[in-house]
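Letter by letter, the sequence shown follows residues 26 to 361 of my numbering.
Yeah, the Cβ is synthetic: ideal placement off N, Cα and C, and Gly gets one too.
A short write-up of the structure that comes next.
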Amino acid sequence: MRRYGKNPDEDDVRVRPDRRGSRPRSRNRPKHEDATEGFVVTVDRGRITCLVEDRVVTAMKARELGRKGIVVGDRVAIVGDTTGDEGTLARIVRVEERSSTLRRTADDDDPYERVVVANADQLAIVTALADPEPRPRLIDRCLVAAFDAGLEPLLVLTKSDLASPETLLESYEPLGVQAVAVNREELATGKAAELVREYLTDRITAFVGHSGVGKTTLVNFLVPDHQRAVGGVNEVTGRGRHTTTSALALKLPDDEDGWVIDTPGIRSFGLNHIDPARVINAFPDLLPGAENCPRACSHDEPDCALDDWVAEGHADPARLYSLRRLLATRDRKEGD
Ligand SMILES: Nc1nc2c(ncn2[C@@H]2O[C@H](COP(=O)(O)OP(=O)(O)OP(=O)(O)O)[C@@H](O)[C@H]2O)c(=O)[nH]1
Ligand SMILES: [Zn+2]
Numbered sequence: 026m027r028r029y030g031k032n033p034d035e036d037d038v039r040v041r042p043d044r045r046g047s048r049p050r051s052r053n054r055p056k057h058e059d060a061t062e063g064f065v066v067t068v069d070r071g072r073i074t075c076l077v078e079d080r081v082v083t084a085m086k087a088r089e090l091g092r093k094g095i096v097v098g099d100r101v102a103i104v105g106d107t108t109g110d111e112g113t114l115a116r117i118v119r120v121e122e123r124s125s126t127l128r129r130t131a132d133d134d135d136p137y138e139r140v141v142v143a144n145a146d147q148l149a150i151v152t153a154l155a156d157p158e159p160r161p162r163l164i165d166r167c168l169v170a171a172f173d174a175g176l177e178p179l180l181v182l183t184k185s186d187l188a189s190p191e192t193l194l195e196s197y198e199p200l201g202v203q204a205v206a207v208n209r210e211e212l213a214t215g216k217a218a219e220l221v222r223e224y225l226t227d228r229i230t231a232f233v234g235h236s237g238v239g240k241t242t243l244v245n246f247l248v249p250d251h252q253r254a255v256g257g258v259n260e261v262t263g264r265g266r267h268t269t270t271s272a273l274a275l276k277l278p279d280d281e282d283g284w285v286i287d288t289p290g291i292r293s294f295g296l297n298h299i300d301p302a303r304v305i306n307a308f309p310d311l312l313p314g315a316e317n318c319p320r321a322c323s324h325d326e327p328d329c330a331l332d333d334w335v336a337e338g339h340a341d342p343a344r345l346y347s348l349r350r351l352l353a354t355r356d357r358k359e360g361d
């Protein structure tokens with residue numbers, strides 16, 4: 026079996042038994058050579074909205090895909106009526122291999138993993154500096170999920186008109202996470218969108234954050250023609266109350282490959298699925314030190330080789346401390 030070094034996620038894709046794939050195609054099964062490529066922009070129960078060239082096409086999953094989930098960001102093969110005309114419904118017959126899979130569980134004990142988005146390059150963790158108060162543990166959890174999935178994290182600190190970003194920025198400095206802070210005035214003048222845009226060019230960025238942090242407000246400034254409702258009725262799903270009910274991919278203006286994926290506000294980010302061995306990949310300076318660790322080391326146990334590695338001066342102790350702080354968020358209660 027081929028090993029994939031770059032995308033740790035692909036290992037999982039390969040080991041999952043694929044009963045259909047390993048059997049030769051039956052002669053009757055259509056080969057779908059005429060299928061069109063689509064990009065999933067939102068999923069509302071069974072209805073999947075895709076972008077095919079410039080057309081918005083509504084589709085459903087073909088029966089043959091079985092229980093395979095289709096999520097926002099997936100690249101899919103579509104057959105049937107792909108005109109996008111009103112009342113048409115196309116069929117998704119294949120989901121292309123994902124370059125990344127961002128997962129979460131509802132809480133840490135929950136064995137049911139949901140995939141938040143597929144194929145994202147970056148995770149923008151949106152945190153208000155006040156109203157609601159920042160929750161560093163939630164940020165840490167999102168960071169762990171990003172590192173585990175191989176996404177580059179970006180801290181987006183909103184409402185800097187209400188509180189200073191300084192303390193928060195200091196605590197994330199050893200992690201080397203890129204960060205940007207914006208305020209109300211900068212939103213109004215367009216400066217905020219400009220500042221954040223610098224990090225988004227040519228990339229697929231998923232935006233996550235606690236409800237009320239200003240995620241949708243910011244996304245609307247980034248993609249002005251779209252204007253997702255803030256605090257009102259969701260224009261895509263027509264459902265009210267919660268502003269954002271499903272993830273939605275929006276193409277950045279004047280950017281061939283840049284996408285923003287707005288996701289529903291989260292209260293927690295369960296990490297039941299996290300593998301410490303994948304998280305440490307995001308710490309290349311510590312990685313060689315982990316070679317002498319016991320098998321399946323949690324990197325937070327007495328035999329962990331990283332203590333000696335750092336004591337010998339190979340890496341900054343603050344980095345090991347940060348790694349352990351992140352890994353330990355799994356053991357803490359969700360609400361902290
Ligand atoms: N003071 C201040 N308020 C802001 C800023 N950005 C957004 N807000 C306000 O914060 C509130 C919440 O904004 P939303 O964009 O709806 O928040 P959200 O994170 O998308 O929330 P959900 O849709 O529930 O996930 C709104 O009243 C915004 O006007 C900011 O930079 N400064
Ligand atoms: Zn270790």
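- Taking the Cβ of H324 as the reference point, at least one heavy atom of ligand 2 falls within a distance shorter than 7 angstroms.
- N208 counts as buried, since no fewer than 16 other beta carbons sit within 10 angstroms of its beta carbon.
- Membership of P178 in the beta strand (DSSP E) is indicated by the continuous run E177 to T183.
- Rounded to the nearest angstrom, the Cβ distance from D325 to R349 is 5 angstroms, consistent with a contact under 8 angstroms.
- Note that the C-beta distance between G290 and H235 is below 8 angstroms.
- Assignment of beta-bridge partners to G63 by DSSP yields V101.
- When distances are taken from the beta-carbon of C167 to the heavy atoms of ligand 2, even the shortest one reaches 7 angstroms or more.
- Taken from the Cβ of R222, every heavy atom of ligand 1 lies 7 angstroms or farther away.
- Annotation: D287 is outside any alpha helix (DSSP H); the continuous beta strand (DSSP E) that includes it extends over W284 to D287.
- When DSSP reads this structure, T83 sits in a beta bridge with T74.
- Closer than 7 angstroms to some heavy atom of ligand 1: that does not describe the Cβ of L193.
- Shortest Cα-Cα distance from T288 to any of L76, L273 and L243 involves L273.
- Boundaries cannot be given for R355, as no beta strand (DSSP E) includes it and DSSP labels it neither H nor E.
- For I164, no beta strand (DSSP E) segment is defined; the enclosing uninterrupted segment is the alpha helix (DSSP H) at P161 to A174.
- For K86 and R128, the gap between their C-alpha atoms comes out near 21 angstroms.
- If you compare the alpha carbons of F308, H339, A340 and N317 with that of A330, the shortest gap goes to N317.
- Here I299 carries a coil assignment [DSSP, helix/strand/coil].
- For F294, there is no enclosing alpha helix (DSSP H), as DSSP marks it with neither H nor E.
- In this structure, L277 sits away from L243, with a CB-CB distance that is not shorter than 8 angstroms.
- Secondary structure note for F246: its alpha helix (DSSP H) is the uninterrupted segment K240 to L247.
- Here the alpha carbon of D69 sits roughly 43 angstroms from the alpha carbon of A315.
- For R222 and I95, the gap between their C-alpha atoms comes out near 28 angstroms.
- Rounded to the nearest whole angstrom, the C-alpha separation of R160 and L182 is 12 angstroms.
- By the Cβ neighbour-count rule, T74 is buried, with 16 or more other Cβ atoms within 10 Å of its own.
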